[in-house]
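Undergrad: Right, I'll just put the structure down here and ask away after.
In this note's numbering, the protein residues as written are 226 to 301.
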């Protein structure tokens, strides 16, 4: 049985095409390790690309994944 990670019911995401991993971790109130766990076990969107060595995610994919997991999104 897979371990589940509770998500906040409301998340503030910055508008834009991609979201920096560090900003995403803060928005979800999760550690890098817990996001890795989600990527491996919970159909979390994969890394979209890298800038300055930092992973970036496609904001639309992240938003769709959050909505599928009953998380309300506020765009900031």
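Note that beta-carbon positions come from the ideal geometry of N, C-alpha and C, so glycine has one too.
1) Could you say which of 292, 279 and 295 lies nearest to residue 244 if we only look at CA atoms?
2) On a Cα-Cα basis, can you pick out the residue from 292, 284, 253 and 255 that is closest to residue 242?
3) So for residue 260, helix, strand or coil by DSSP?
4) Are the beta-carbon atoms of residue 233 and residue 254 separated by less than 8 Å?
5) Nearest to residue 272 by alpha carbon, out of 235, 292 and 249?
TA: Answer, in terms of the structure:
1) That would be 279, whose Cα lies nearest to the Cα of residue 244.
2) Measuring from the Cα of residue 242, the nearest candidate turns out to be 284.
3) When DSSP states are grouped into helix, strand and coil, residue 260 belongs to the helix group.
4) With contacts defined by Cβ atoms closer than 8 Å, residue 233 and residue 254 form a contacting pair.
5) Closest by alpha carbon: 249.
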